[in-house]
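For reference, the structure discussed in these notes is given below.
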Amino acid sequence: MRKIVFLMFVLALLFLSACKVAEVNVSDKKVDAPIIGGDRDEHGCIASAGYTWCESKQKCLRLWEEECPGLEKPGSKQKSKHAEKKKAPETCRKEGETGFGPCCEGLTAVACYAENDCNIIGTCGTVCVKCGDGVCGPGENQCVCPRDCLDMEKMAKQFLAQKNVSEVAICGDYIKVVRGVQPNTGTTYYRGNAEFHCVGKQETNYLANVCKEIANSECKEIK
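Residue numbers for the sequence shown follow the working numbering, so the first one is 21 and each next one is one higher.
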């Protein structure tokens, strides 16, 4: 009987020893846990903590705590300046190019006038030019941009030498010539080799647009 009790006691000790060894083995195992602050970017900003680099202020900050000019807020529809720079530029037509798309910055789309008679070339669409810079550049001619391709003042003075001319003025790309004593009925506008009359109802949309352009132009009288 004593032997049986002693044997059971020894077995119990062995069982307890095995449990302690197992506990030690489990505790010795390494667990790879993320280290807070270990995700710093090239500027040293901790993304996991909500920090973002602000170029305009040259520091890390949280966008919901402090504004950063040029950088959008989380959930905001406003685009950052950097995003706009990366955006692919829209296709635009360069100086002298014809067609129907937008002109590049600094250029103006005007009708394609034939140089010999100043009639509009309908199939051309428009031409992108830089009228008013004093240079008869690509796409310009005496009809497209008279102020750059013609000596308009010299041309205007030639009209003054004609009989029955009472007034001559330069109105943008047009030369205004008044003949006789009735300015309304005797006024002719010249653009290159073409002439226009803006009295009464304009028969075509083209003529209506020409007369509107003339009306919005500042005129300089030639004496």
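Ideal placement from N, C-alpha and C gives every residue a C-beta, glycine not left out.
| query | result |
| --- | --- |
| Say the cut is 6 Å; is the CB of Cys169 nearer than that to a heavy atom of the ligand COA? | As presented, the structure is devoid of all ligands, the ligand COA included, so that no description of it is given. |
| Determine the DSSP secondary structure at His102, reduced to helix, strand or coil. | In this prediction, His102 has a pLDDT of 48, which is less than 50 and means its spatial position is unreliable; nothing more can be read from the coordinates. |
| Taking the C-alpha atoms as reference points, what is the distance between Asp52 and Cys88? | Confidence at Asp52 is low in this model, with a pLDDT of 49, below 50, so the placement of that residue should be treated as unreliable; the coordinate-derived value is given next. Distance between the alpha carbons of Asp52 and Cys88 is about 36 Å. |
| Helix, strand or coil for Tyr248? Go by DSSP, reduced to three states. | The requested residue 248 is not part of the displayed model; the chain covers only 21 to 243. |
| Hey, could you find the ends of the beta strand (DSSP E) Tyr194 is sitting in? | Tyr194 to Arg199 |
| Pull up the distance between the alpha-carbon of Glu215 and that of Gly206, whole angstroms please. | 13 Å |
| Tell me the DSSP secondary structure of Cys123 in three-state form. | strand |
| Tell me whether the beta-carbon of Arg211 lies closer than 7 Å to the beta-carbon of Tyr226. | no |
| I'd like the span of the beta strand (DSSP E) that includes Leu81, first residue to last. | Lys79 to Leu81 |
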